[in-house]
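Residue numbers (the working numbering): 234 to 604. In this text, a Cβ means the ideal position worked out from N, Cα and C, and glycines have one as well. Values in this document were obtained by computation on a predicted structure and should not be read as measured data. Report on one structure; see the data block that follows.
Printed below as a string of structure tokens:
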């Protein structure tokens, strides 16, 4: 099997508005696998080595995908401000395209798609008995982290933060502000769903308080190191943004395709994984623990308390789960199809904080390719 080596020597620099590049390990792209040499190649999930960028590929022709529809899909993605677009089948790369002067070494910001990474870290802290998601958040943030009464504040649990049901007032100037004066009471915890970013951001401080150590170091040791993901958290005022290559996001997608297990190593407790990726409450059925869920009967969207009837992404398979970030940063996982799809770049249209019409348009085209 021939191997082609691409050396990328690039400078690392991050900003809130620009994607960046950095020097990483040698990027090694492996030719399309030979089905005759490797029986049942797609019957098991492939995991790329954690200590190199070698990654098996498989051709769309081998998978009997519609090549004309794939060409139309690639054209669509290129015309919608993408910078990176990957499709994996059972862990193997089928499509890997880069645009706007980016390549496999370019760092991209995940925006709110990175909420899924925080949900993972909370789950790992729970399985290591540092916390329980039913604990009061005040146990780890201390008293006075909001401007609520002591009782109102104590009633907010880690699970409320994971599910966007804290009851915090969203009629404030900045729902990203994590200062106590910005966190005021509106509804009893658990009684309302609203996409309130500040309470999510504070989950990382909850983890730090629980483990009595640095969140970033814990995240690196528990998630990045055992999977080969490389990336970095960067703070911008009230934001904590995660930057990585598109391939690192694809590694995370592959981890979720296998229910939180990386090549035999169960990274996240299987029961927690199920809880995280199924409806977490009955107010917004399309939301788990910071994951978006397809196939439900109704959904809510960021910035509103209105409930919409139907599936979140009607053109996608019902079992799709997703991390969805502002300006169309996407990690989609579809177990029934063995698919991981990554889209990173600029907004395809209007700048929206999570789900967008792009999801529906993209999946309409993807399903024409794979079915």
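- Pairing residue 282 with residue 484 gives a Cβ-Cβ distance that is not under 8 Å.
- A contact between stretches requires three or more CB pairs, one per stretch, nearer than 8 Å, and the stretch 331–344 fails this requirement with the stretch 414–430.
- Between residue 467 and residue 600, the alpha-carbon positions lie close to 35 Å from each other.
- Apart from the 5 residues on each side of it in sequence, residue 570 sits with its Cβ closer than 7 Å to the Cβ of 550, 603 in its chain, given in chain order.
- Relative to residue 443, the option among 461, 366, 381, 587 whose CA is nearest is 366.
- Under the three-state reduction of DSSP output, residue 602 falls in the helix class.
- The alpha carbon of residue 316 has as its nearest neighbour, out of 308, 497, 531, the alpha carbon of 308.
- Where residue 468 is concerned, the enclosing beta strand (DSSP E) starts and stops at 464–469.
- By the Cβ rule, the stretch 384–402 counts as touching the stretch 423–441, because three or more pairs are nearer than 8 Å.
- Residue nearest to residue 287 within the set 427, 326, 562, 384 is 326 (criterion: CA-CA distance).
- Distance from residue 596 to residue 546 at the Cβ level is roughly 6 Å; contact confirmed, criterion being Cβ atoms closer than 8 Å.
- Separation of residue 405 and residue 345 (C-alpha to C-alpha, rounded to the nearest whole angstrom) is 20 Å.
- Residue pairing by DSSP places residue 326 opposite 290, 321 in a beta bridge.
- The Cβ atoms of residue 577 and residue 525 do not sit closer than 8 Å to each other.
- Residue 563 is bridged by DSSP to 557, 576.
- Per DSSP, residue 461 has no beta-bridge partner at all.
- Close CB contacts of residue 460 within its chain, under the 8 Å cut and outside five residues either way in sequence, are with 283, 484, 485, 488, 495, 500 (chain order).
- Under the three-state reduction of DSSP, residue 479 is assigned to helix.
- By DSSP's assignment, residue 341 forms a beta bridge with 477.
- In its chain, beyond the 5 residues on either side, 418 have a beta carbon closer than 8 Å to the beta carbon of residue 382.
- The three-state reading of DSSP puts residue 427 in coil, since its state is none of H, G, I, E or B.
- By the Cβ-count criterion, residue 537 is exposed, with fewer than 16 other Cβ atoms from all chains shown falling within 10 Å of its own Cβ.
- Comparing C-alpha distances from residue 380 to each of 363, 352, 369, 411 shows the shortest one belongs to 411.
- Runs of the alpha helix (DSSP H) lying entirely within the stretch 349–415, each at least 4 residues long, are 371–374, 383–387, 391–396 in chain order.
- By the neighbour-count criterion, in which a residue is buried when 16 or more other Cβ atoms sit within 10 angstroms of its Cβ, residue 401 is buried.
- Burial is judged here by how many other beta carbons sit within 10 angstroms of a residue's own beta carbon; residue 517 has at least 16 and is buried.
- When secondary structure is reduced to three states using DSSP, residue 308 falls in the helix class.
- Under DSSP, residue 315 shares a beta bridge with 578.
- Nearest C-alpha to residue 555 among 349, 463, 306, 446: 349.
- The bridge partners DSSP lists for residue 514 come to none.
- If you draw a straight line from the Cα of residue 491 to the Cα of residue 320, it is about 16 Å long.
- In the structure shown, the three-state DSSP call for residue 448 is helix.
- Ranking 448, 356, 449 by CA distance to the CA of residue 508 puts 356 first.
- Pairing residue 533 with residue 445, the inter-Cα distance amounts to about 35 Å.
- Residue 522 carries a coil assignment under DSSP once its states are collapsed to helix, strand and coil.
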